[in-house]
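Chains A and B, in that order, are what the protein sequence lines are. Start counting the first sequence at 1; every next residue gets the next number (UniProt numbering). Start counting the second sequence at 1; every next residue gets the next number (UniProt numbering). Glycine residues also receive a C-beta, built at the ideal position from the N, C-alpha and C atoms.
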Amino acid sequence: MTTVIPFGPQHPVLPEPVSLKLEIDNDVVVGVLPSLGYVHRGLEKFIDTKDFNQTMYICERICGICSGIHGITYSRAVEKLFDIEVPERAQYLRVINSELCRIHSHLLWLGLFADGFGFESLFYECWKYREDVLDVLERFTGNRVIHSMSKVGGASRDLTKEQIDQILKTLDDLEPKVKNIEKVFVNNYTVKKRLVGLGVMSKQLAYEAGTAGPTLRGSGNAIDVRNTSDYDIYKDLGFKTAVAKEGDCYGRTKVRIDEIYEAIKLIRNAISKLPEGEIATRVKGFPTGEAIIRAEQPRGEVVYYVKGNGTKNLERLKVRTPTFANIPSLLLMLPGVKLADVPIVVLTIDPCISCTER
Amino acid sequence: MGMLNLVLGNISRKPATRLYPFEVRAPFKEFKGRIVFNPDNCILCGLCQKKCPPDAITVIKADKTWELNVFRCIMCTECVNGCPKDCISISNERAKTGAKEFIKVAVPIVDKPKAETPKADTTKAPKAAPSK
Chain A
1 MTTVIPFGPQ HPVLPEPVSL KLEIDNDVVV GVLPSLGYVH RGLEKFIDTK
51 DFNQTMYICE RICGICSGIH GITYSRAVEK LFDIEVPERA QYLRVINSEL
101 CRIHSHLLWL GLFADGFGFE SLFYECWKYR EDVLDVLERF TGNRVIHSMS
151 KVGGASRDLT KEQIDQILKT LDDLEPKVKN IEKVFVNNYT VKKRLVGLGV
201 MSKQLAYEAG TAGPTLRGSG NAIDVRNTSD YDIYKDLGFK TAVAKEGDCY
251 GRTKVRIDEI YEAIKLIRNA ISKLPEGEIA TRVKGFPTGE AIIRAEQPRG
301 EVVYYVKGNG TKNLERLKVR TPTFANIPSL LLMLPGVKLA DVPIVVLTID
351 PCISCTER
Chain B
1 MGMLNLVLGN ISRKPATRLY PFEVRAPFKE FKGRIVFNPD NCILCGLCQK
51 KCPPDAITVI KADKTWELNV FRCIMCTECV NGCPKDCISI SNERAKTGAK
101 EFIKVAVPIV DKPKAETPKA DTTKAPKAAP SK
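Rendered as structure tokens:
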């Protein structure tokens, strides 16, 4: 006989308001029914009242963790409508901001994940390291979380020599620290006991379910928008897509840790190649036409659709966030998992429900 | 074993946090703390009001006042970059807790309309008041 147990929207382990109705046979999950819609804010409609420059600030507020990348992606989408070329220095600044965002998001997730399986001191450790990255971001953009660094036509903040030195110094300090916690996540006996073989999704299944980001790459698919599309200047910076073959919670954790290293490398490369010059071009007129832009967020691929009608307001803005693509994968991963392990499996897709519901 | 080293190391280290109200970190000089308005050069053009995404700025030409709703301001610096007379700047000091919701500044605008015609009007206006 099966029982239905509600998991969320308020749950001590998961800060995100995702609601799952778990169908349980004894202690094992046999069916899952996710339901969304608890934190819908109507941001896509709200842009009707703001002009296309101001909409960037609304897009940044879609998500509190990857806010910088949301702003950058929106700017790129509108720039595509105007068909303007962004100065090269601005593109490098955007990459540096995006990758710093990725590092702090992954460190935050590693901490939450450690908290999820009950490793409190590891949680504090991860968040302690994240604080250094936030300090760097605060010096670079002027804000800790909502960066407002990008704007339509380029960047609104430049990096000084002093700030660059600060970023490099922080990254040099951060790398050995991440190596330290990597040992715990990858080798610790207790942690491995909790993660290995849990929530397995095969390579083919992850691809067919349309998952994105580390959930997809944790199952062995080397798909990363930064490598597959013409996305800022990522092609010139040369980076390796982090992949793990395992397909379980352990694999997805490894992918995120590897992505921190790749992000550190990318920032170092971008700083070494940072060209001199303007950081923004002037945008004249109002946007017309349609554009679709993809970008890689810490959680996966985000898709922005914008439509302009020749007025200062956009006619339509549509955002498909990575968590929206990843939630269906829970239906594949959760059956067969014990009730006590459900929070861990749900955490490994790094759900961001505020993103998903906008 | 990595974690044991970390835990043992942390015993001898200082805590990562600060005793906040007693020990305050100085804000970074790049930090966007609060908006500072200098009314001397302001021409009441209203561009800052037009550019402000959360509609925090109100420019009332009739009263010659510039008003900022501190609680609505999101520190985006659109007004700072958009001001043609560089009246608005950003300070790295955080707004104090318990600050008032509105900052209202009277703009001493006297020179600007000189180039057009209403110079006579501005001089007349104060004269009219005492006669009453």
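Name the one or two DSSP bridge partners that residue i has.
{"i": "Ile103 of chain B", "result": "B:Leu68"}
{"i": "Arg268 of chain A", "result": "BP columns for Arg268 of chain A are empty, so no partner."}
{"i": "Pro6 of chain A", "result": "A:Lys21"}
{"i": "Phe37 of chain B", "result": "B:Ile88"}
{"i": "Glu290 of chain A", "result": "A:Lys307"}
{"i": "Ala280 of chain A", "result": "A:Gly154"}
{"i": "Lys50 of chain B", "result": "Bridge partners of Lys50 of chain B: none, in fact."}
{"i": "Lys338 of chain A", "result": "A:Val28"}
Assuming residue i is part of the alpha helix (DSSP H), what are its boundary residues?
{"i": "Val225 of chain A", "result": "Val225 to Thr228"}
{"i": "Leu110 of chain A", "result": "Glu88 to Gly116"}
{"i": "Pro214 of chain A", "result": "Pro214 to Arg217"}
{"i": "Arg41 of chain A", "result": "Taken as a continuous stretch (DSSP letters only), Arg41 of chain A belongs to no alpha helix (DSSP H), as it is neither H nor E."}
{"i": "Pro108 of chain B", "result": "Element bounds for Pro108 of chain B: n/a, residue is neither H nor E."}
{"i": "Pro27 of chain B", "result": "Run containing Pro27 of chain B: none; DSSP gives neither H nor E here."}
{"i": "Leu171 of chain A", "result": "Lys161 to Asn187"}
{"i": "Asn53 of chain A", "result": "No alpha helix (DSSP H) contains Asn53 of chain A, which DSSP labels as neither H nor E."}
{"i": "Arg139 of chain A", "result": "Glu120 to Thr141"}
{"i": "Cys79 of chain B", "result": "Glu78 to Gly82"}
{"i": "Arg76 of chain A", "result": "Ser67 to Phe82"}
Could you check what DSSP says for residue i in three-state terms: helix, strand or coil?
{"i": "Gly300 of chain A", "result": "strand"}
{"i": "Thr58 of chain B", "result": "strand"}
{"i": "Leu198 of chain A", "result": "coil"}
{"i": "Gly220 of chain A", "result": "coil"}
{"i": "Ala295 of chain A", "result": "strand"}
{"i": "Tyr231 of chain A", "result": "coil"}
{"i": "Arg13 of chain B", "result": "coil"}
{"i": "Ala209 of chain A", "result": "coil"}
{"i": "Ser354 of chain A", "result": "helix"}
{"i": "residue 361 of chain A", "result": "Nothing can be reported for residue 361 of chain A: it is not among the residues displayed for chain A, which extend from 1 to 358."}
{"i": "Val7 of chain B", "result": "helix"}
{"i": "Val345 of chain A", "result": "helix"}
{"i": "Cys73 of chain B", "result": "coil"}
{"i": "Met333 of chain A", "result": "helix"}
{"i": "Tyr250 of chain A", "result": "helix"}
{"i": "Val191 of chain A", "result": "helix"}
{"i": "Ile62 of chain A", "result": "coil"}
{"i": "Thr323 of chain A", "result": "helix"}
{"i": "Ala128 of chain B", "result": "With a pLDDT of only 44 at Ala128 of chain B, under 50, the local geometry of the prediction cannot be trusted, and no value is derived from it."}
{"i": "Asp236 of chain A", "result": "helix"}
{"i": "Glu259 of chain A", "result": "helix"}
{"i": "Asp273 of chain A", "result": "It is Lys, not Asp, that sits at residue 273 of chain A in the sequence shown. Three-state result, Lys273 of chain A: helix."}
{"i": "Tyr20 of chain B", "result": "coil"}
{"i": "Pro328 of chain A", "result": "helix"}
Beta strand (DSSP E) containing residue i: first to last residue?
{"i": "Pro34 of chain A", "result": "Val28 to Ser35"}
{"i": "Arg320 of chain A", "result": "Leu314 to Arg320"}
message: Please list, in chain order, the residues of the region 16 to 49 of chain B that have any C-beta partner in chain A closer than 7 Å.
response: Ala16, Phe28, Glu30, Phe31 and Lys32
Where the region 66 to 97 of chain B meets chain A: residues whose CB sits under 9 Å from a CB there: Taking 9 Å as the Cβ-Cβ cut-off against chain A, the residues of the region 66 to 97 of chain B that qualify are Ile74, Met75, Cys76, Thr77, Glu78, Asn81, Ile90 and Asn92.
query: Just by C-beta distance, which residues in the region 1 to 12 of chain B are closer than 7 Å to chain A?
result: Gly2, Met3, Leu6 and Val7
field: At least three beta-carbon pairs within less than 8 Å, the region 341 to 349 of chain A to the region 115 to 133 of chain A
entry: yes
message: Assess contact between the region 58 to 78 of chain A and the region 290 to 310 of chain A, defined as three or more Cβ pairs (one per stretch) separated by less than 8 Å. Is contact present?
response: yes
field: Interface positions of the region 234 to 261 of chain A facing chain B (Cβ-Cβ less than 9 Å), listed along the chain
entry: none
field: Contact residues within the region 132 to 148 of chain A, judged by C-beta distance below 7 Å to chain B
entry: Glu138, Arg139, Gly142, Asn143 and Ser148
message: Count Cβ pairs between the region 66 to 75 of chain B and the region 2 to 15 of chain B that sit closer than 8 Å; are there 3 or more?
response: no
message: Taking contact to mean 3 or more Cβ pairs, one atom from each stretch, closer than 8 Å, check whether the region 67 to 84 of chain B and the region 92 to 101 of chain B are in contact.
response: Because the criterion of three Cβ pairs below 8 Å is met, the region 67 to 84 of chain B and the region 92 to 101 of chain B touch.
task: Decide yes or no for the touch test of the region 153 to 164 of chain A against the region 261 to 279 of chain A: beta carbon pairs closer than 8 Å, at least 3 of them.
output: yes
message: For the region 49 to 62 of chain B, list every residue whose C-beta sits within 7 Å of some C-beta in chain A, in sequence order.
response: Pro53
query: For the 8 Å Cβ check, are there 3 or more pairs between the region 251 to 260 of chain A and the region 206 to 224 of chain A?
result: yes
message: Does the region 348 to 357 of chain A come into contact with the region 28 to 48 of chain A, if we say contact requires no fewer than three beta-carbon pairs (one atom in each stretch) closer than 8 Å?
response: yes
task: Could you list the residues in the region 116 to 130 of chain A with a C-beta less than 7 Å from some C-beta on chain B, going in chain order?
output: Under the 7 Å Cβ criterion, the region 116 to 130 of chain A contributes Ser121, Leu122, Glu125 and Lys128.
message: I'd like to know if the region 253 to 267 of chain A and the region 101 to 111 of chain A are in contact, where contact means that at least 3 CB-CB pairs between them fall below 8 Å.
response: yes
message: Assess contact between the region 285 to 302 of chain A and the region 204 to 215 of chain A, defined as three or more Cβ pairs (one per stretch) separated by less than 8 Å. Is contact present?
response: yes
message: Count Cβ pairs between the region 94 to 104 of chain A and the region 132 to 139 of chain A that sit closer than 8 Å; are there 3 or more?
response: yes
task: Pull out every residue of the region 37 to 70 of chain A whose Cβ sits closer than 8 Å to any Cβ of chain B, in chain order.
output: Lys50, Asn53, Gln54, Tyr57 and Ile58
- request: Would you list, in chain order, the members of the region 155 to 166 of chain A that have their beta-carbon closer than 9 Å to a beta-carbon of chain B?
  value: Ser156, Arg157, Thr160 and Gln163
query: Is there contact here, the region 61 to 71 of chain A with the region 143 to 153 of chain A, by at least three beta-carbon pairs under 8 Å?
result: yes
query: Do the region 172 to 183 of chain A and the region 310 to 319 of chain A make contact, defined as three or more Cβ pairs closer than 8 Å?
result: No, they do not touch.
message: Count Cβ pairs between the region 36 to 52 of chain B and the region 76 to 90 of chain B that sit closer than 8 Å; are there 3 or more?
response: yes
message: Closer than 8 Å is the cut-off here; do at least three beta carbon pairs connect the region 324 to 335 of chain A with the region 76 to 94 of chain A?
response: no
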